[in-house]
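**Q** These protein sequences, in sequence, are chains H and S. Sequence positions in the first sequence follow this note's numbering and run 4 to 487. Sequence positions in the second sequence follow this note's numbering and run 4 to 487. We put the beta carbon where it would ideally sit given N, CA and C, even for glycine.
Number of protein chains: 2
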Amino acid sequence: MPESWVNQANQIDQVHLAESLGADLHLDLTGPGSRRAVLIRALRDAVRSGRLAPGTRLPAYRSLAADLGIARNTVADAYAELVAEGWLSARQGSGTLVAYRAEPLAPARAPARRAPASRPAYSLLQGQPDATSFPRTAWLAAARRALSAAPNDAFGPGDPRGRPELRQALADYLARTRGVRTDPERIVVCSGFAHALRLLFPAVLPGPLAVESYGLPFHRSLLATAGIRSHPVRVDELGADSRELASLSGVRAALLTPAHQFPTGVPLHPDRRAQTINWARSTGSYVLEDDYDGEFRYDRKPVGALQGLDPEHVIHLGSVSKSLSPALRLGWMVLPDRLVDAVLEAKGEREAWAGVTDQLTLADFIASGSYDRHIRRMRQRYRRRRDQLVEAVAGHAPHLHVTGIAAGLHAVLQLPDGATRSDESAALRAARWQGLALDTLSEYRHPDATMPPRHGLVIGYATPPEHTYPGALEALCRALPLGA
Amino acid sequence: MPESWVNQANQIDQVHLAESLGADLHLDLTGPGSRRAVLIRALRDAVRSGRLAPGTRLPAYRSLAADLGIARNTVADAYAELVAEGWLSARQGSGTLVAYRAEPLAPARAPARRAPASRPAYSLLQGQPDATSFPRTAWLAAARRALSAAPNDAFGPGDPRGRPELRQALADYLARTRGVRTDPERIVVCSGFAHALRLLFPAVLPGPLAVESYGLPFHRSLLATAGIRSHPVRVDELGADSRELASLSGVRAALLTPAHQFPTGVPLHPDRRAQTINWARSTGSYVLEDDYDGEFRYDRKPVGALQGLDPEHVIHLGSVSKSLSPALRLGWMVLPDRLVDAVLEAKGEREAWAGVTDQLTLADFIASGSYDRHIRRMRQRYRRRRDQLVEAVAGHAPHLHVTGIAAGLHAVLQLPDGATRSDESAALRAARWQGLALDTLSEYRHPDATMPPRHGLVIGYATPPEHTYPGALEALCRALPLGA
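1. Nearest by alpha-carbon distance to H/Ala249: which of H/Ala93, H/Arg54, H/Ser285 and H/Glu427 is it?
2. I'd like to confirm the pairing. Which residues does DSSP put opposite S/Leu320 in its beta bridges?
3. Expressed to the nearest angstrom, what Euclidean distance is found between the alpha-carbon atoms of S/Arg300 and H/His29?
4. What is the residue span of the beta strand (DSSP E) that S/Glu215 lies within?
5. Within the continuous beta strand (DSSP E) that includes S/Arg94, where are the two ends?
6. Would you call the CB atoms of H/Leu91 and H/Val78 closer than 8 Å?
7. For H/Leu108 and H/Arg51, I'd like the C-alpha separation in whole angstroms.
8. For H/Thr228, count neighbouring C-beta atoms within 10 Å of its own C-beta (all shown protein chains included) and say buried if the count is 16 or more, exposed if not.
9. Any beta-carbon of chain S closer than 8 Å to the one on H/Trp356?
10. DSSP on S/Arg112, reduced to helix/strand/coil?
11. Given H/Thr59, which residues of its chain have a CB within under 7 Å of its CB, disregarding the five upstream and five downstream residues?
12. Would you verify that the beta carbon of S/Phe158 is, or is not, closer than 8 Å to some beta carbon of chain H?
13. Which residues in chain H sit within 7 Å of S/Pro123, going by Cβ to Cβ distance?
14. With a 10 Å radius around its C-beta and 16 neighbouring C-beta atoms as the bar for buried, classify H/Tyr217 as buried or exposed.
15. Return the first residue and the last residue of the beta strand (DSSP E) that H/Gly165 is part of.
16. Could you spell out where the alpha helix (DSSP H) holding S/Ala410 opens and where it closes?
17. Would you mind stating whether S/Gln264 and S/Ala243 have Cβ atoms separated by less than 8 Å?
18. In the structure shown, what three-state DSSP assignment does S/Leu259 receive?
19. What would DSSP say about H/Leu24, mapped onto helix, strand or coil?
20. Can you list the beta strand (DSSP E) stretches of 3 or more residues lying completely in the segment 428 to 463 of chain S, in chain order?
21. Under three-state DSSP, which class holds H/Asp302?
22. Cβ of H/Phe137 within 8 Å of Cβ of S/Phe158?
23. Does DSSP classify S/Leu271 as helix, strand or coil?
24. Give a yes or no on whether the minimum CB-CB distance between S/Val359 and chain A is below 8 Å.
25. Can you pull the chain S neighbours of H/Thr180, defined as C-beta to C-beta under 9 Å?
26. Determine, using beta carbons only, whether H/His272 and H/Leu312 come nearer to each other than 8 Å.
27. H/Thr471 CB to nearest chain S CB: under 8 Å?
28. Could you give the distance in angstroms between the alpha-carbon of S/Glu348 and the alpha-carbon of S/Ala178?
29. Any beta-carbon of chain S closer than 8 Å to the one on H/Leu150?
30. Please report the straight-line C-alpha distance between H/Asp186 and H/Arg382, rounded to a whole angstrom.
31. Note down the Cα distance separating S/Ala283 from S/Asp293, rounded to an integer number of angstroms.
32. Can you pull out the residues from the segment 69 to 101 of chain H whose beta carbon lies closer than 9 Å to at least one beta carbon of chain S?
33. According to DSSP, H/Val101 sits in a beta bridge with which residue or residues?
34. Quick one: which chain S residues come within Cβ less than 8 Å of H/Ile507?
35. Taking the beta carbon of S/Trp356 as the centre, do at least 16 other beta carbons fall within 10 Å, making it buried, or is it exposed?
36. Using 8 Å as the limit for Cβ to Cβ distance, is S/Asn155 near chain H?
Below is the structure:
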């Protein structure tokens, strides 16, 4: 093994230096020659190979000298030599930097993998809240309070359920706002709805699974990857047709969107809610309640969580993806008691997914009332946008109807009776021509669905930043088909 | 469908109210009777069922009235009635609260699933940094800077690679401190080492996989769950014996800990490093470099990342689990160019795991130099602890040797030659008797390993809080076997 020099530097000195020392630097100080020569060669190689980028500030003499256990003068000599050679540059007051003229040989840069497709000017694609609305200041304030108050063990290996502060805050919040009946012990934090599905299938629940005939293709493909077959049930103006559940042989779980059917937008009718629960009870099945936008109701008709009807047969799934940001990666599962252990086993012995700082911050954000305030503000903003959408369509294309508007972050613009999939495509092309991105209903249809198809455009009115929403609406109106 | 009242409240009023409104409340306002009667019944049910916990503050009159579209007086009447009934309590200046004397019928609480085992007084279990050392203030300062500076699209759906700010910061940092050669396009952020393994196997790399004869059982079981067989290679005083790799038929990947073999503690000898790279090149295989504690070297012998020798055959894996906290759930993979697309496909179309706030914060934490400062501080602290450990053992049991001390967060206390597994167990029992938790070397041995067993105790000297470390050392010394 080539030897490098090892020197027992004064430890007390090092402690005192700790606060003032600068950047860490990895140098391979092996090979022949004096310490000075070896150091010069190592630094030169690091700069030449591009490993030390131009503009990088080198450690101060005394810092590097202490690290390497060599004399400060040796470091100073080496820096001076490399400045003379043009690899480094020394500036009064800003230390020694890697010179910009050193023309580093950077590693070959991989070509950008996603060619930046010509982006539409406006997006009404459903599925995300206005990214400009993330409450940065309130979130930071909550983070400050939460991190100051957190016990030290919060930074050790985490409980596989998630932080107790967050589970308590969620239990209280979901009970208060969504009618969920639970205690914190039955809540398991995860990194979002997709993660919840991954944890449940197939480790906790076997397939096949009943799903709605219209729903997110992403969920279906995720289930397919997990080896789970999905059976579509009809969706009508009362929501998913729960009467079909009993006829699906072998199906012991159903994934539903009771608060606001996705994407058609109707809430599950109370009779259907009761039928669904009865089916689950009589067959020993589970209902997965995807409460993706349950906080956003505009019409004051209370649609509590299905979970409140039977906490032992409903798995209530929620996240902050619509209420705060999909980039936070925080979600939760409210579980029947007898599924908790299986879910924890699927998750692993430690919390392996959701970061503790966000968990603690969200707990404070909820408990301090900041979450309620944010939801209210966004509810009003989205309600206003919905009203503007309805008004604009009524003004420009009174023969079209906007449905599913009582709640949520999207609505459906129904094409007239008799419309076909090619009418949808034509509308989509017209929208693209106007620089507007949106989806059609057909994209959400289950490939095995047998119910008559519906045709329309899915309008994600929450997506654009506030200042571009009027432009997006104008583009939409220009793209709308004229009445017959 | 039972009708609840719907009232088009003045929208402008609502906008003005938004900032001052309080908590959200889900109430099922259906059923017979006057609005006042229905509201009273709904509130009473919510309190009685335990859904509204004692001490919960109810919305202000005008807030709930605006939400429900009813007169403020009706709300005031309902509150007054429930105060009279004892369900609520009104206090001057603090509004209306759910009363504590209401004896809510809470849902049956699941029994605590993990009986709090009698915790040892001291832990020298390896694998985690001192949880009291998490740099809360510096982390919050970085979060404040990062969240203020972040573009809005940071809060939209994320790039599956992870935030560009973080990948850039990591590329610079790893080049500077670990000799890693990469650009940000080849870095993929993940939620830790285990997540990286899950992404790679079996979707990106097929089994079987060569592993070290001593290693983390957690990694082996994770691989087994993914259907990947692991073949143990010998570990000696020069690290993993790379000469064995060529003899393993069908093996096209090797998981190694080159900087500091886990848990025996030796760095991979330069000859072995070269052999390993040659094997990977000549067979088209990949080396997975688990750089779990690469930042923590105490002896100034440079051990750069293996990846620097051949970026196209080494997958460099790191995380903040040892340097900051395992609870942050942030890690990274530095990938050969031709594996990037496959890893992204395994990860999914969006960043589904690592939260954006932590990603942005870590990027700032690194770029601002806070990470370097933290590492230096911790390196000095752990070096001091290591020295104290060596000194304590030399004083109390000079016949025992502490090895693997040049780096990392743990050391191995070798039992004398001729020791057996039952000597290990006896030492472990003695430690437990002293209230001390630690592991034995045998727990890390691969079940199929053929090399002669080693016996010793694995001492995680980084684990305890600073103020309990002397006590932990004393407990260890009391537990040490006396010399022959």
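**A** Reading off the structure:
1. For H/Ala249, the closest C-alpha among the options H/Ala93, H/Arg54, H/Ser285 and H/Glu427 is that of H/Ser285.
2. DSSP output for S/Leu320 lists S/Asp293 and S/Met336 as bridge partner(s).
3. Answer to the nearest angstrom: the Cα atoms are 11 Å apart.
4. Leu212 to Glu215
5. Leu91 to Arg94
6. no
7. With a pLDDT of 42 at H/Leu108, under the threshold of 50, the predicted position of this residue should be treated as unreliable, and no value is reported.
8. exposed
9. yes
10. Here S/Arg112 scores only 47 on pLDDT, less than 50, and its place in the model is too uncertain to base an answer on.
11. Leu100 and Val101
12. yes
13. Here the premise fails: no neighbours, minimum Cβ distance about 14 Å.
14. buried
15. Segment: none, H/Gly165 is in no beta strand (DSSP E) and carries neither H nor E.
16. Segment: none, S/Ala410 is in no alpha helix (DSSP H) and carries neither H nor E.
17. yes
18. strand
19. Its pLDDT being 40, under 50, H/Leu24 is placed unreliably in this model, and the value from its coordinates should be taken loosely. Looking at H/Leu24 - three-state DSSP - the assignment turns out to be coil, as it is neither helix nor strand.
20. 459 to 462
21. coil
22. In this structure, S/Phe158 lies closer than 8 Å to H/Phe137 by Cβ.
23. The answer is coil: DSSP assigns S/Leu271 none of H, G, I, E or B.
24. As a matter of chain content, chain A is missing from the structure shown, whose protein chains are H and S.
25. Ala26, Asp27, Leu28 and His29
26. no
27. At a cut-off of 8 Å between beta-carbon atoms, H/Thr471 makes no contact with chain S.
28. 26 Å
29. yes
30. 27 Å
31. Cα-Cα distance, rounded: 16 Å.
32. Asp70, Leu71 and Gly72
33. H/Leu91
34. Because residue 507 of chain H is not part of the residues shown, which for chain H are 4 to 487, the question remains open.
35. buried
36. yes
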